[in-house]
Amino acid sequence: MAKYFALFLIAVVSCTHAAREDRKIRIIPQPVSVVQTGGFLRLDTSYIDFYSSSSDANNAIKVFQDELKDDLQITFSSQKSSDVEVTIHDGLVSGGYSIEVDRKKATISASDPEGTFHGLQSLRQMILFSEKKGNKILIPCCKIEDFPEYKWRGLMLDEARHFFGVEKVKQLLDMMALHKLNIFHWHLTDASGWRIEIKKYPLLTTVGGKGAHKNPDGPVKFYTAEQIKEIVAYAGERFITIVPEIDMPGHAAAANRAYPEFSGGGSEAYPEFTFHPAKEGTYAYLTDILREISELFPASDIHLGGDEVHFGNQQWATDRQVQSLMKKMNLSDLKAVEKYFINRMSDSVKSLQRKMLGWDEIVDSEVGPDNAMVMWWRHDKPEQLKKALENKYNVILCPRIPLYFDFVQHESHKWGRRWRGAFADIEKVYTFPPDTLPGFKEFNDQILGIQANVWTETIVDDRRLDFMIYPRISALSEAAWTKAGNKNYEDFLERLKAMLSFFKDRDIYYFNPFEPGLSPEAEGI
Ligand code: TNX
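The sequence shown lines up with residues 0 to 524 when you count with numbering that gives the first Met the number 0.
Laid out in structure tokens, this is it:
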């Protein structure tokens with residue numbers, strides 16, 4: 000009898016245990032603390048009563064309600080007997096929030112609208128990923144406290160090499176917002192195409208917007224100023240800042256097709272790659288462009304690129320005007336010319352009341368930490384990160400390995416790039432940053448955050464784009480938001496399963512880390 004009783008007990012215990020696992024709260028990125036207090040709030044599957052005591056939260060609430068209408072066809076009313084209540088009051092970290100769920104209601108508190116937005120996105124995941132029984136959604140009672148580890152949680156998309164358009168970008172912004180990523184860095188110009196309308200120089204888009212990487216004769220594709228405004232507003236409603244990048248003095252071939260008078264030439268492999276550093280007209284032209292950019296983007300920063308100038312500055316060495324500039328300004332070599340260019344353009348950015356951002360090459364241009372922030376991308380040059388930090392720059396970490404999402408993501412894959420065999424698998428994204436990074440600990444307060452970059456030379460269409468971004472975006476969000484001590488890859492993978500089915504419902508063509516060998520090619524990607 001005792002034996003049977005023991006067996007019975009084991010059965011009961013393991014059942015409850017299984018149920019508990021099943022009823023776990025699954026939020027990505029993992030919050031600072033989640034304590035399940037027992038029992039459930041039973042929400043109706045088709046109707047939620049929603050109350051907010053502050054109109055400051057209206058915008059975050061509107062996005063949340065529209066999304067849930069779309070996700071689950073839930074409708075909303077607002078009486079005081081609410082299922083969900085939102086309050087704004089002092090005392091919580093900016094961008095942070097708390098959620099308390101008891102058997103009667105879910106209460107979200109934050110100090111600012113951004114915190115409210117984050118809290119609502121967590122609640123949305125709880126609604127989406129909790130058990131549904133009959134016409135009830137069973138939200139586990141809990142207390143959640145949450146705030147971000149890094150203030151810069153970015154994703155960069157290159158639309159110069161391949162263009163994806165308004166709807167795809169909005170979908171990406173939606174997914175960023177769901178993951179509490181808050182910076183969308185938009186690489187809008189490069190050798191393959193110039194993708195943003197500039198009223199004063201219309202040929203930039205009508206000529207420079209033609210074609211794509213390896214397909215120079217493709218159709219003209221670009222964003223009109225109106226579309227840019229629409230996307231900036233859409234991002235703003237989701238507490239995402241868009242940082243535009245106008246790459247210079249290299250990666251300028253598309254602009255140079257439109258206005259060859261400002262070209263500084265290129266090399267055999269990279270024709271017409273640079274802007275001309277010795278013509279006064281170039282600085283006026285680029286400053287005019289940046290003025291229009293500053294009118295379109297409210298962000299406090301403008302990214303000027305500054306990368307890989309040596310790919311195509313060979314003609315500077317023989318150009319008569321560059322030679323006389325070098326004499327006049329006492330510039331000893333082409334690196335000094337590059338430095339001169341970057342400093343002039345940094346002055347332009349300053350005159351527009353903006354701060355310059357640049358790739359890690361700009362540290363060598365000594366533009367100064369008061370004038371610029373740096374994105375460290377060359378993972379094979381850790382000394383450049385150290386140099387940036389020692390020179391007091393604020394830095395965003397986005398090293399190719401593991402944060403370039405155009406890189407292969409699984410050993411067995413051939414879709415994407417590799418760096419001497421190295422690639423960017425999801426676990427490495429998740430565990431970033433390793434505490435072995437040089438300078439990382441001593442200069443921690445200069446590290447603004449983390450960003451992944453999606454370069455698109457090899458990403459030709461929406462499906463490939465999805466495949467490279469999802470679900471590495473989920474790992475990125477946890478790398479950027481969650482404290483190191485709260486990260487756990489196995490636990491993340493468990494939570495990720497729910498997120499993958501959400502991606503599936505959205506027709507997002509994600510990589511499945513649980514079936515890594517599946518060949519996208521076989522499926523026609
Ligand atoms: C390096 S990252 C580049 C890009 C390429 C990318 C491809 C950087 C500042 N420059 O121009 O698209 O590698 O992975």
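Using N, Cα and C, we set each Cβ at its ideal position, and we do this for glycine too.
Go ahead and label residue i buried or exposed: buried means 16 or more other beta carbons lie within 10 angstroms of its beta carbon, across all protein chains shown.
{"i": "Q352", "result": "exposed"}
{"i": "H184", "result": "buried"}
{"i": "V219", "result": "exposed"}
{"i": "L517", "result": "exposed"}
{"i": "G280", "result": "exposed"}
{"i": "S76", "result": "exposed"}
{"i": "Y429", "result": "buried"}
{"i": "Q222", "result": "It is worth fixing the name first, because residue 222 is Tyr in this sequence and not Gln. With 16 or more other Cβ atoms within 10 Å, it is buried."}
{"i": "N57", "result": "exposed"}
{"i": "P259", "result": "exposed"}
{"i": "M467", "result": "buried"}
{"i": "D359", "result": "buried"}
{"i": "D504", "result": "exposed"}
{"i": "V34", "result": "exposed"}
{"i": "E130", "result": "exposed"}
{"i": "M328", "result": "exposed"}
CB of residue i to nearest heavy atom of the ligand COA: below 7 Å?
{"i": "D111", "result": "Judged by which ligands are present, the ligand COA is missing from the structure shown, whose ligands are the ligand TNX."}
I believe residue i touches residue j by the beta-carbon criterion, under 8 Å. Please report the beta-carbon distance rounded to the nearest angstrom.
{"i": "V83", "j": "F49", "result": "5 Å"}
{"i": "A109", "j": "I87", "result": "6 Å"}
{"i": "V525", "j": "K386", "result": "The question about residue 525 has no answer here: the residues shown for the chain are numbered 0 through 524."}
{"i": "I138", "j": "M155", "result": "Actually they are not in contact, since the Cβ atoms of I138 and M155 sit about 35 Å apart, beyond 8 Å."}
{"i": "N134", "j": "S45", "result": "7 Å"}
{"i": "G153", "j": "Q450", "result": "3 Å"}
{"i": "S66", "j": "R25", "result": "One point to set straight first is that residue 66 is Glu, not Ser, in the sequence displayed. 17 Å between Cβ atoms; not a contact."}
{"i": "P398", "j": "K427", "result": "That belief does not hold up - the Cβ atoms of P398 and K427 are roughly 10 Å apart, past 8 Å."}
{"i": "E337", "j": "V308", "result": "5 Å"}
{"i": "A224", "j": "L285", "result": "Contact flag wrong, Cβ pair sits at about 18 Å."}
{"i": "S476", "j": "I27", "result": "6 Å"}
{"i": "R471", "j": "I425", "result": "5 Å"}
Taking the alpha-carbon of residue i as reference, which of the options has the nearest alpha-carbon?
{"i": "K349", "options": "Q383, V336, C397 and D300", "result": "D300"}
{"i": "A232", "options": "K179, V165 and E291", "result": "V165"}
{"i": "I227", "options": "E514, E291, L333 and I400", "result": "E291"}
{"i": "E493", "options": "K440, S473, I341 and A483", "result": "S473"}
{"i": "A190", "options": "A257, T115, K142 and S129", "result": "A257"}
{"i": "I136", "options": "E236, L127, K142 and G207", "result": "L127"}
{"i": "I245", "options": "M355, K427 and E271", "result": "M355"}
{"i": "F261", "options": "L203, K61, T240 and V453", "result": "L203"}
{"i": "P432", "options": "P512, G420, L447 and R419", "result": "L447"}
{"i": "S266", "options": "E66, W315 and P276", "result": "W315"}
{"i": "D101", "options": "N342, K198, R41 and L119", "result": "R41"}
{"i": "T455", "options": "I47, D111, R160 and K150", "result": "R160"}
{"i": "T205", "options": "H212, R194 and K213", "result": "R194"}
{"i": "Y149", "options": "D490, M498 and K482", "result": "K482"}
{"i": "T115", "options": "L172, S97 and S129", "result": "S97"}
{"i": "T435", "options": "E382, E360 and T286", "result": "E382"}
{"i": "M344", "options": "W376, G305 and S331", "result": "G305"}
{"i": "A59", "options": "D287, K179, F404 and A371", "result": "K179"}
Helix, strand or coil for residue i? Go by DSSP, reduced to three states.
{"i": "V12", "result": "Legend: pLDDT at V12 = 40, less than 50; position of this residue unreliable, value from coordinates given subsequently. It is helical."}
{"i": "Y282", "result": "helix"}
{"i": "W454", "result": "coil"}
{"i": "D145", "result": "strand"}
{"i": "L388", "result": "helix"}
{"i": "L127", "result": "helix"}
{"i": "Y339", "result": "helix"}
{"i": "A268", "result": "coil"}
{"i": "P512", "result": "coil"}
{"i": "W480", "result": "helix"}
{"i": "P243", "result": "strand"}
{"i": "G351", "result": "Checking the sequence shown, residue 351 turns out to be Leu, not Gly. The answer is coil: DSSP assigns L351 none of H, G, I, E or B."}
{"i": "N214", "result": "strand"}
{"i": "P401", "result": "helix"}
{"i": "L187", "result": "coil"}
{"i": "F4", "result": "Because the pLDDT of F4 is 46, which lies under 50, any placement of that residue in the model is unreliable, and the question is left without a value."}
{"i": "R41", "result": "strand"}
{"i": "F75", "result": "strand"}
{"i": "Q35", "result": "strand"}
{"i": "W414", "result": "coil"}
{"i": "Y469", "result": "coil"}
{"i": "H302", "result": "strand"}
{"i": "A253", "result": "helix"}
{"i": "Y258", "result": "coil"}
{"i": "E441", "result": "coil"}
{"i": "I98", "result": "strand"}
So is residue i in contact with chain B if we call contact Cβ pairs under 8 Å?
{"i": "M374", "result": "Among the chains in the structure shown there is no chain B, since it carries only a single protein chain."}
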